[in-house]
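Below is one structure; the comments refer to it alone.
In the working numbering, the protein residues as written are 28 to 490.
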């Protein structure tokens, strides 16, 4: 009897297409979600809480709970597939049904991309298997080719039917769009080094029909006043009592003076000092990072003081990024949590153009300069670069400074072949040992999955 009406379908799709992409209790949780863990395990991330040390310095094992939790989100894939089947026979207009199907396929493609990024190919149950759960079939991991096809097909089919984007005030704001599907597709093409396809989809996202652009001031992107801005491609919508995040408590040192003063402060996540020093002196993005302050007790905090004394900033600077929600009740913030934004597209397009041409082009440099100029930095000239590789290095640096704690650094370092080197350098700077190797570019499949797989599901190489 369910679903029988459009209201039923809307409820079913909302639960099963969107449930995993939450910031309060889903894969974008700021405490231990995919984006957070991904950045902590790069040269950017540090943490006061030392239970994170295996993640920080490349010493994780197959039973690491932070990594195993990411795999748990895969179960939503089956719900999405079943929902596609359940809405098929409901009497709806073709346009409305196509949009719901598009949202579900966008969800499947995005979730599959996220799992592939972390674990490589994963098991994906077909509809026949899902309709016969008592058979207890063990589903093997897809092959690399099958996984690629699944991700690309779902995202392309979603992009073909979804609206370009939603603007602030639109009733559908927060639902999946052509812009989101194509952004994930762009990231997938970059990850799999399909540079020509990546360049084409990057250019597509510059089409005025999408309506994307850059916010003039970097800090304004992440404030309550500027939610739903033109740079945001997709954000987890936050509202008091509905969905909120706790970024402030996770980063504010407990003696940092704030207005209002009653904000909860746990002082955990940091930007490693070794990485913070790579920012140019006059980079305006540093205004969203706390590298020094005078605490409520009158003590001064900075790298020079706190490193030798094990002070509040011993492990790094504070990645504030988001503004303070003036309506916060102490822990929660209702500022939308941004997942993808247009600056990501511009810098990836600059990289794709450079790789396709194997040369320094004015267009690629101009795209990068849009990001540098907003950061208050000097424009690059084509003559500043000795080679395409030189420009690619600068793009990698710029993306790291632009997207700290937005979950892109791990993908970037792996794509550039610099991931192992970066973790070794961070570990050495921190006086820590590391066990990092190239096989650890992918997470281990959780042991329980291997056990339940009865030999059908194989562990990733190196574990």
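Cβ coordinates follow ideal geometry from the N, Cα and C atoms, glycine included. Here the structure is a predicted model, which means the values were calculated and not measured.
If you compare the alpha carbons of 437, 42 and 224 with that of residue 107, the shortest gap goes to 42. Residue pairing by DSSP puts residue 272 in a beta bridge opposite 360. Runs of the alpha helix (DSSP H) spanning 4 or more residues and lying entirely within the region 206 to 250 occur at 222 to 231, in chain order.
Buried is the label assigned to residue 144, since at least 16 other Cβ atoms lie within 10 Å of its Cβ.
Rounded to whole angstroms, the Cβ separation of residue 164 and residue 149 is 15 Å, and the two are not in contact under 8 Å. Residue 287 places its beta carbon 8 Å or farther from that of residue 339. Here residue 266 is bridged, per DSSP, to 270. Ranking 459, 374 and 386 by CA distance to the CA of residue 423 puts 374 first. Judged by beta-carbon spacing, residue 362 lies within the 8 Å limit of residue 265, meaning their Cβ atoms are closer than that value. Around residue 199, the same chain offers 190 and 193 as residues with beta carbons nearer than 8 Å, after the five sequence neighbours per side are excluded. Excluding the 5 residues flanking it on each side, residue 322 has same chain C-beta neighbours closer than 8 Å at 280, 282, 283, 284, 328 and 339, in chain order. Counting the other Cβ atoms within 10 Å of the Cβ of residue 69 gives 16 or more, which makes it buried.
Here DSSP, grouped into helix, strand and coil, assigns residue 55 to coil. In the DSSP assignment, residue 296 falls within the beta strand (DSSP E) that extends over 296 to 299. In the structure shown, the three-state DSSP call for residue 137 is helix. Partner residues in the beta bridge of residue 320, as assigned by DSSP, are 328. Residue environment: residue 417 is assigned as exposed (fewer than 16 neighbouring CB atoms within 10 Å of its CB, all protein chains considered). Secondary structure of residue 278 (DSSP, three-state): helix. For residue 121 and residue 35, the gap between their C-alpha atoms comes out near 16 Å. By DSSP's assignment, residue 82 forms no beta bridge with any residue. Inter-residue distance for residue 382 and residue 214 is about 15 Å (C-alpha atoms, whole angstroms). Given a length threshold of 4 residues, each whole run of the alpha helix (DSSP H) inside the region 143 to 196 is given here in chain order: 154 to 157 and 171 to 186. Taking C-beta separations shorter than 6 Å and ignoring five residues to either side along the sequence, the partners of residue 367 in its chain run 210, 260 and 261, following chain order.
Rounded to whole angstroms, residue 173 and residue 444 show a C-alpha spacing of 24 Å.
In the same chain as residue 470, and ignoring 5 residues on each side of it, the C-beta atoms closer than 7 Å to its own belong to 94, 97, 145 and 146, in chain order.
Residue burial is scored here from C-beta neighbours: residue 387 has at least 16 other C-beta atoms within 10 angstroms and is therefore classed as buried.
Using a 10 angstroms sphere on the CB of residue 289, the tally of other CB atoms stays under 16, which defines it as exposed. Taking 8 Å as the cut-off, the beta carbon of residue 350 is found no closer than this to the beta carbon of residue 297.
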